[in-house]
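S.K.: Using numbering that gives the first Met the number 0, the first residue of the sequence shown is number 0, and each one after it goes up by one.
Every residue, glycine too, gets a C-beta built ideally from N, C-alpha and C.
Because the structure is a prediction, the values reported are computed rather than measured.
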Amino acid sequence: MNKVLFFAHLRDAVGEEFLTVNASGKTVAELKAELSAKYNLPKMETIMTAINEEFASHDEVIRDGDEIAFIPPVSGG
0 MNKVLFFAHL RDAVGEEFLT VNASGKTVAE LKAELSAKYN LPKMETIMTA
50 INEEFASHDE VIRDGDEIAF IPPVSGG
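1. Hey, Ile61 and Ile70 are a contact pair by Cβ (cut 8 Å); roughly how many whole angstroms apart?
2. Leaving out five residues before and five after Ile50 in sequence, what residues of the same chain have Cβ atoms less than 6 Å from its Cβ?
3. Need the endpoints of the alpha helix (DSSP H) that Glu44 sits in, please.
4. Rounded to the nearest angstrom, how far is the Cβ of Ser23 from that of Asp58, given a contact under 8 Å?
5. Who pairs with Asn1 in a beta bridge, going by DSSP?
6. How many angstroms separate the CA atom of Glu33 from the CA atom of Val3?
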């Protein structure tokens, strides 16, 4: 199983700070597509992903026990 963390507007859209899902063997892109469809998440292509606190590419494969975080772009001044 995997813990998936959501930040900013993604947390609001999902309604939870994190979910526990079985993402083992999926790529980051596959997980994004699955969660986007299930929770109607906006603009997932612009969302940064971290696996075990290290940034990950869309084609990185998720292993059992990995912690995934979806981090929207941040703006400010």
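M.R.: In this structure, then:
1. Position 62 of the sequence shown, counting from 1, holds the residue named residue 61. Position 71 of the sequence shown, counting from 1, holds the residue named residue 70. Contact flag wrong, Cβ pair sits at about 16 Å.
2. Position 51 of the sequence shown holds residue 50. If we look at Ile50 and ignore the five residues flanking it on each side, its Cβ neighbours are Asp65 and Ile67.
3. Position 45 of the sequence shown, counted from the start, is the residue given in the question as residue 44. Glu44 -> no alpha helix (DSSP H), and no H or E assigned at all.
4. If you number the sequence shown from 1, residue 23 lands on position 24. If you number the sequence shown from 1, residue 58 lands on position 59. That pair is no contact at about 16 Å.
5. On the sequence shown, residue 1 is found 2 positions in, with the first residue counted as 1. Answer is Val20, bridged to Asn1.
6. The residue given as residue 33 occupies position 34 in the sequence shown. The residue given as residue 3 occupies position 4 in the sequence shown. If I take the Cα positions, the gap works out to 13 Å.
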